[in-house]
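Going by the UniProt record's numbering, the sequence shown opens with residue 1, and the numbers climb by one from there. All C-beta atoms in this analysis are idealised placements derived from N, C-alpha and C, irrespective of residue type, glycine included. All figures in this text were calculated on a predicted structure; none of them were measured in a lab. Below you'll find the structure, written out as structure tokens, and then a few comments.
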Amino acid sequence: MNDQVVTPRVPRAIANFLQWVLNIGLIVLAGILAVFLGKETVNLVAVLFHRGEEQSAYLLIEGIVIYFLYFEFIALIIKYFLSGYHFPLRYFIYIGITAIVRLIIVDHKNPLDTLIYSAAILVLVVTLWLANSRRLKRE
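What follows is the structure, encoded as structure tokens:
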């Protein structure tokens with residue numbers, strides 16, 4: 001009878017400890033991402049006021065997309081804490097779409113690769129539509 005009382009407490013204590021480790025790790029990660037977001041803001045301002053070359057326009061667009069990636073990861077961590085310690089699927093899909101758009105902007109020399117990346121975005125958009133449908137939406 002004593003084993004029945006102790007057994008449920010041990011897994012719960014382990015789960016609580018690991019939840020604290022996860023939460024602390026995510027808070028540290030959010031701080032690191034905030035620092036990189038600040039650095040990217042400084043880089044965007046520097047590229048924005050750099051006059052001349054056509055390359056600076058590509059750097060600006062690439063910087064904006066990277067900025068959104070940092071922003072989305074921070075928003076994902078915030079949503080994790082606000083939604084009862086779970087990551088909503090649609091935020092990962094948003095991040096995936098943004099990452100592929102960045103990849104297309106950076107590496108668009110091969111038309112076949114660009115077509116494949118575009119197809120991947122289409123798959124993610126369809127997945128997002130399905131995830132937001134009434135049957136699958138939990139929030």
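Taking Cβ to Cβ, would you say asparagine 132 is nearer than 8 Å to arginine 90? A contact, by the Cβ cut-off of 8 Å.
Proximity of isoleucine 95 and alanine 30 at Cβ, strictly below 8 Å: No. Outside cutoff.
By DSSP, does aspartate 113 sit in helix, in strand, or in coil? Aspartate 113 sits in a helix when the DSSP states are folded into three classes.
Please name the residue in Asp113, His50, Ile14, Glu62 whose C-alpha comes closest to that of alanine 99. Measuring from the Cα of alanine 99, the nearest candidate turns out to be Glu62.
Phenylalanine 68 in three-state terms, based on DSSP: helix
Ends of the alpha helix (DSSP H) at arginine 102? 89-106
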